[in-house]
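In what follows, a structure is listed as C-alpha cells, so that the remarks can point back to it.
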Amino acid sequence: TVSLSATPDRWFDDEGSAALRAYFGETVFSFTLEQAIGVSLTLYYYYPHLVSLSDDEMVDYEALSLKIARLMNQEDVEKQAALKMLLIKRANLLNTAVNKLEKLSELLDREPYLEHTLFYCAPGQIDEVLQLVGWEKGILINQFTAEEKPKERQQLLSSFANGELQALAAMKCLDEGVDVPSTRTAYFLASSSNPREFIQRRGRILRKSPGKEHSIIHDLIAVPPATYNRESPAFHAERSIVRRELQRFKEFANPALNKHQALDVIWDLAGFYGLQDF
C-alpha cells in the first residue's frame, strides 16, 4: 500500500502519526520545496514581520504561558489534553493580536496597486480585515469562508482569477481542495503552527499560472515585546516551542529569493530567545 501526502505526520497526534507510519512504512520518496521551486512551483519572496503584543495581550499571554510551563513534559492524559487546549488558546491570542492590523495597514499603504491577493485570517478576525482592506483601503475584496455556498465560491474564485476581484479573505477553507494558482501575493495574519495547514497554504500561493513570474508572502508574526522578562519560568518553557517555530520559518526563508533579508528578521527572533543555534 502506498500513500501520497505532503503532510504524513499528524499535528498534536504522535500516536496517530506512529500508526500511519506503522501501516504504510517509512517515507520512500521525498520531493522538497527547494526541488519544486522553478519546476512545479514559482519563485517567491518571503517577508516575515515581527509584531509586538499589546500590554493587555501580554498579560493574557504571560498567564497562559505560566500555565503551559506547569504542564510541559507531563505524561498524564488529562494534563496533556489541558496543555493542548492552552496552546491552542495562546496561538489564537497570537493570531488575533491587534497590532497585526496596524502592521497590515502599513504594508498595504506601500502597495501602489493590489491584485490576486489572499489574506489568511484567524476565526473572528475576518470582519476586521474586510473593514480595513475593503472600506478603509478601497480594495475590492470578499470573504471566502464556509458560509458561502459552492456556487458562490466558484464565482468568487472566477472573479479573483480574472481580476474583477482584487483579493479574498479566507480562513481554513482555502487550506485544501481549492485551487487558486492565480494568487500572486499572500498575507498570513494567522500563521499556522500546524505543518499540514502551513504546507497547504504555501501550496495555494506558489502554484504556477500564466504570466506569474513569482509569488510574495508576508508573514505577520506576533511576539512578546522586547521588555519581556527573560527570567520568568514561562520564558524558558517558551524556548522549546519557539525553536520549532524557527525551524519552520527557516525552511520557508531558505529557498526565497530574498533569503538573507528574511533570515535577518528570523535571526532577531532567535536572538531574543537565545536560540541562535536553531
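Every letter in the sequence shown is one number past the one before it in the working numbering, and letter 223, counting from 1, is 288.
Glycine residues also receive a C-beta, built at the ideal position from the N, C-alpha and C atoms.
Just so we're clear, the structure is a prediction, and the values are computed from it rather than from any experiment.
- The DSSP-derived three-state label of Tyr338 is coil.
- Of Asp125, Ala234, Ala101 and Arg308, the smallest CA-CA separation from Glu180 is found for Ala234.
- Restricting attention to Pro320, Lys315 and Asp342, the CA atom closest to the CA of Val330 is found in Lys315.
- Take Ser119, set aside five residues on each side of it, and the residues of its chain with a beta-carbon closer than 8 Å to its own are Ala162, Val163 and Asn164, in chain order.
- Distance check between Tyr109 and each of Ala321, Gln341, Trp332 and Leu254 places Ala321 closest, using alpha-carbon atoms only.
- Counting only runs of 3 or more residues that sit fully inside the segment 179-226, the beta strand (DSSP E) segments are 182-185 and 206-209, in chain order.
- Membership of Ala321 in any alpha helix (DSSP H) is not indicated, and neither H nor E is assigned to it by DSSP.
- The continuous beta strand (DSSP E) containing Val116 extends over residues Leu108 to Ser117.
- In this structure Lys273 touches Pro246 by the C-beta definition: roughly 6 Å separates them, less than 8 Å.
- Residue state for Ala251 is assigned as strand, using DSSP reduced to three classes.
- Considered as a whole, the segment 121-146 harbours no complete run of any beta strand (DSSP E) with no fewer than 3 residues.
- In the structure shown, Arg269 adopts helical secondary structure according to DSSP, grouped into three states.
- Under DSSP, Ser280 forms a beta bridge with Tyr109.
- Looking from the CA of Val288, the closest CA among Tyr111, Leu106 and Ser117 belongs to Ser117.
- In this structure, the CA atom of Thr248 is about 15 Å from the CA atom of Gln208.
- Here Ala234 carries a strand assignment [DSSP, helix/strand/coil].
- Per DSSP, Ser297 lies in no alpha helix (DSSP H) and is assigned neither H nor E.
- Scanning its chain for C-beta atoms nearer than 7 Å, with the 5 sequence neighbours on each side dropped, one finds around Glu193 the residues Leu166, in chain order.
- C-alpha of Glu229 to C-alpha of Thr182: approximately 12 Å in a straight line.
- When only Cα atoms are considered, Tyr111 and Gly199 end up about 24 Å apart.
- With 16 or more other CB atoms across the displayed protein chains lying within 10 angstroms of its CB, Asn160 is buried.
- Less than 8 Å separates the beta-carbon of Phe184 from that of Leu254.
- Residue environment for Thr92: exposed (fewer than 16 other C-beta atoms within 10 angstroms of its C-beta).
- Counting other Cβ atoms within 10 Å of its Cβ, Ile153 stays below 16 and is therefore classed as exposed.
- Looking at the DSSP output, Ala287 sits in a beta bridge with Val116.
- Annotated as distal: Ile191 and Met123, with beta-carbon spacing of 8 Å or more.
- Leu195 is the residue among Leu151, Leu195 and Lys277 whose C-alpha sits nearest the C-alpha of Ile204.
- If the five residues before and after Glu213 are omitted, its C-beta is found closer than 8 Å to the C-beta atoms of Leu221, all from its own chain and listed in chain order.
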